[in-house]
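Start counting the sequence shown at 1; every next residue gets the next number (the UniProt record's numbering). Every residue, glycine too, gets a C-beta built ideally from N, C-alpha and C.
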Amino acid sequence: MYNVIGKLESDVTLLKENIGEYVSVIKSGATPVEVENKEILKAFTSDQVLQALDLLSLSQYKNTFSVKRVTGLELVQYNDTVLSQDLGMTSQSDRIRMMLFIEGREAVWKLLEAQSQATE
């Protein structure tokens, strides 16, 4: 009997945690996929950020990103102004492309998949 109650308590706790995560996602206005993409991006090293620039056709900015050693954790904090003023992204369309990536709307896993296929 105790095992059943313990299991139910465990299930309820897990459900509360999951609901809390979904509530946070809903409040942020982001979809679960966008949140997942952003979490993947946060783990990017500076070298992976540089590879992402290539895959996004933004390789002209690699030197600046390399000098500043931009990591994914830093990148997710950036906005249009930072991209323009601090990183020299003068093209609005380039900044839009990068912001879609930063916000998680451009699937990070698609870029990683494309990268792995290119190296095979």
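| Asked | Found |
| --- | --- |
| Assess, as a yes-or-no matter, whether the stretch 74-84 is touched by the stretch 39-55 under the definition of 3 or more beta carbon pairs within less than 8 Å. | yes |
| Is Leu58 near Asp80, with beta carbons less than 8 Å apart? | no |
| For Ser66, does the three-state DSSP call read helix, strand or coil? | helix |
| Going by Cα to Cα distance, which pick from Gly104, Lys68, Gln60 is closest to Thr90? | Gln60 |
| In the DSSP assignment, the alpha helix (DSSP H) including Gln51 goes from what residue to what residue? | 46-55 |
| List the endpoints of the continuous alpha helix (DSSP H) containing Gln92. | 92-102 |
| May I have the straight-line CA-CA distance separating Glu36 from Ser66, to the nearest angstrom? | 25 Å |
| Should Lys68 go down as buried or exposed, given a rule of 16 or more other Cβ atoms within 10 Å for buried? | exposed |
| Suppose you measure from the CA of Leu55 to the CA of Val70; what does that come to, to the nearest Å? | 16 Å |
| How would you write the range of the alpha helix (DSSP H) that Gly72 sits in, first residue to last? | 72-75 |
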